[in-house]
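Structure record follows, encoded as structure tokens.
In UniProt numbering, the protein residues as written are 1 to 302.
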């Protein structure tokens, strides 16, 4: 009988397959040879000259690069090296950019509001996409959200002196000079004008807005269902109150939607705006004026 000898098993060998990166990536031919970093350097100069190829290639990536470039970072104020780790951007406080134009268009909806006598009546108002979107967000995300302006609004902001104004009795208190700006997606009012018109606003619906020069400012809040009287026509608008503004009142697209406004130029050089009452369907034509040239009227106290 042969002796039995225990032979220990050979140690197992494990082979780990090294992870390899993807062999291919999605890239358009127009993106070949284009450096986003070089494009940003050009973009930061006072004057830039880009070829159409460069512009088309960098468009999808430029937003992310610009967001990183413009985001605030915590930077140590002294020589203490213990704070160097804080230089990296805190992603919790990162801005979330949203173009107001991407939220949809303003539309008319029927609701209930109080008339001059305090009675509840059915009226038409503008359902503003920005406000509707804001109410669906939690407070932490709402505070980090920045609404960017559209190209048309940037253009009109730079040529505000060319915009026309009309008179508007606001909240039944006083007449204000209202600036007509179809390039703006919202209706806004300075805090001073809102206070003078005795208009309350909801500070929980304040928003961060990126202005034409790229700076970010926070509004005071939203005033809901504010009555605006134009001649014999009354409309109710949602108004964003701004701490400082180069105007008293600005009527953006929601005003155009609710009144179905039409601008008419006469052969004598005058400009008129025709608006329609959304409730009675009555029409009214109002003369427009240069900013600062609106005829003064007596203040009304109700």
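Even glycine gets a Cβ: it sits at the ideal position worked out from N, Cα and C.
- Residues of the same chain with a CB within less than 7 Å of the CB of residue 193, apart from the 5 flanking positions on each side, are 176, 248 and 249 in chain order.
- In this structure, the CA atom of residue 271 is about 9 Å from the CA atom of residue 286.
- Residue burial is scored here from C-beta neighbours: residue 266 has fewer than 16 other C-beta atoms within 10 angstroms and is therefore classed as exposed.
- The bridge partners DSSP lists for residue 95 come to none.
- Membership of residue 236 in the beta strand (DSSP E) is indicated by the continuous run 233 to 242.
- Scanning 190, 254 and 263 for the CA closest to the CA of residue 243 turns up 190.
- For residue 137 and residue 210, the gap between their C-alpha atoms comes out near 19 Å.
- Under the DSSP definition of a beta bridge, residue 209 partners with 147 and 217.
- Taking every protein chain shown into account, the CB of residue 295 has fewer than 16 other CB atoms within 10 angstroms, so this residue is exposed.
- At a Cβ-Cβ threshold of 9 Å, residue 146 and residue 201 do not count as neighbours.
- One thing to note: residue 222 has its Cβ no nearer than 9 Å to the Cβ of residue 228.
- In terms of CA proximity to residue 230, 275 leads the group 51, 268, 198 and 275.
- Secondary structure note for residue 106: it is in no beta strand (DSSP E), with a DSSP letter that is neither H nor E.
- With a contact defined as Cβ atoms closer than 8 Å, residue 103 and residue 139 miss out at about 19 Å.
- For residue 188, the enclosing beta strand (DSSP E) covers residues 187 to 190.
- Taking 9 Å as the cut-off, the Cβ atoms of residue 292 and residue 188 do not count as close.
- Per DSSP, residue 276 is one residue of the beta strand (DSSP E) stretching across 271 to 276.
- Between residue 235 and residue 258, the C-beta gap is smaller than 9 Å, which places the two residues in contact.
- Bounds of the alpha helix (DSSP H) holding residue 258 are 253 to 259.
- Excluding residues up to 5 positions away in sequence, 188 and 190 lie with their Cβ nearer than 7 Å to the Cβ of residue 245 in the same chain.
- Non-local beta-carbon contacts of residue 96 in its own chain, meaning distances under 8 Å to residues more than five positions away in sequence, involve 141, 144, 145 and 146 in chain order.
- By the beta-carbon neighbour count (other beta carbons within 10 angstroms, threshold 16), residue 125 is buried.
- Cβ neighbours of residue 261 within its own chain (closer than 6 Å, five residues either side excluded): 273 and 275.
- Annotation: the continuous beta strand (DSSP E) that includes residue 286 extends over 283 to 287.
- Taking 8 Å as the upper bound for CB-CB distance, residue 282 and residue 233 are in contact here, some 6 Å apart.
- Looking at the DSSP output, residue 202 shares a beta bridge with 222.
- Secondary structure at residue 38: helix, using DSSP grouped into helix, strand and coil.
- With a threshold of 16 other beta carbon atoms within 10 Å, residue 218 falls short and is exposed.
- Restricting attention to 205, 174 and 51, the CA atom closest to the CA of residue 224 is found in 205.
- Nearest neighbour of residue 167 by Cα position, chosen from 39, 289, 35 and 111, turns out to be 289.
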